[in-house]
Amino acid sequence: ALAGSVMAALGGEPPRAAETPFATAAAQATAPDFVGLGNWYNSAPLKLADLRGKVVLVNFWTYGCVNCVNTLPHVTDLYAKYKDKGLVVVGVHTPEFPFERSASNVQAALKRHGITYPVAQDNASKTWNAYRNRYWPAQYIVDQNGKIVFQHDGEGKYEQIERTVAGLLNAAPAEVTDK
């Protein structure tokens, strides 16, 4: 708690409990569509309704957030393992600071982290607000019917995220270490 307060005072992420529980209130709600997004990378603009029949991982992040950067290898690995089985990952880059609004900075971050899945800039926080999101990073898993079936804030829970995706896709999860 002290570390979170110090980070908040230094302009970092908002404080939160060390083990953020899964948000169950949002589970089984229809996922909001992507709204108010600017630039799209690695894809033409997507609409959630057009992704029905697929499992969608919506990943809210920003490249200036250390916790977000720490999750990216897990998200890119998940995408690589399951993209041909019906998983779509959509990164929603929602800036915390003004310099994170720069398209060239976002493009450089995508290249630096080897991100090939679709990413959209949410500079006005419209999609962030539609999801009532509050933290970076945050992951939402949307089932084939457009319902949010899993939500997690922060780092970790990688094994549970993969088990959820694999279960929805009826695929055997690969061995994962939940750190």
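Quick note on this note's numbering: the sequence shown kicks off at 3 and runs consecutively. Built from N, CA and C at the ideal position, the CB exists for glycine as well.
Identity of the residue in the options nearest residue i by Cα
i, options, result
"Trp63", "Lys87, Pro47, Ala140", "Ala140"
"Arg134", "Asp145, Gly148, Gln153, Ala111", "Gln153"
"Tyr81", "Glu161, Val71, Val92", "Val92"
"Asn41", "Ala126, Gly88, Lys85", "Ala126"
"Val68", "Thr129, Glu157, Ala105", "Glu157"
"Thr129", "Gln162, Val71, Pro97", "Pro97"
"Lys87", "Gly55, Ala132, Phe99", "Gly55"
"Val167", "Ala132, Asp79, Lys49", "Asp79"
Sequence-distant residues of the same chain with beta carbon closer than 8 Å to residue i, five excluded per side
i, result
"Leu74", "Trp63, His115, Ile117"
"Pro47", "Phe36, Leu39, Ala122"
"Asn72", "Glu157"
"Ile163", "Leu59, His76, Leu80, Gln141, Ile143, Phe152, His154"
Residues that DSSP places opposite residue i in a beta bridge
i, result
"Val91", "Leu59"
"Thr32", "Lys149"
"Tyr65", "Answer by DSSP bridge pairing: none, since Tyr65 is not bridged."
"Tyr43", "Val121"
C-beta atoms of residue i and residue j nearer than 8 Å
i, j, result
"Asp124", "Tyr137", "no"
"Ala51", "Ile150", "no"
"Leu53", "Ile143", "no"
"Val57", "Leu171", "yes"
"Tyr160", "His76", "yes"
"Tyr191", "Gln109", "With the chain covering only 3 through 181, there is no way to say anything about residue 191."
"Gly148", "Ala33", "yes"
Cβ-based neighbour list, residue i, same chain, cut-off 7 Å, excluding 5 preceding and 5 following
i, result
"Ser45", "Pro120"
"Ser106", "none"
"Phe99", "Gly66"
"Ala132", "Pro34, Val37"
"Lys49", "Asp35, Phe36"
6 Å Cβ shell around residue i - same chain, five flanking residues per side excluded
i, result
"Glu102", "Thr64, Gly66"
"Pro23", "Bear in mind that the predicted position of Pro23 carries a pLDDT of just 37, short of 50, making it unreliable; the figure below should be weighed with that in mind. Excluding sequence neighbours, Pro23 sits near nothing in its chain."
"Asn61", "Val77, Gly93, Gln141"
"Thr26", "Unreliable positioning characterises Thr26 in this predicted model, as indicated by a pLDDT of 39, which lies under 50. A coordinate reading is not provided."
"Ala111", "Tyr65"
Could you name each continuous beta strand (DSSP E) segment of 3 residues or more that falls completely within the segment 93-156, going from the start of the chain to the end? 121-123, 140-144, 150-155
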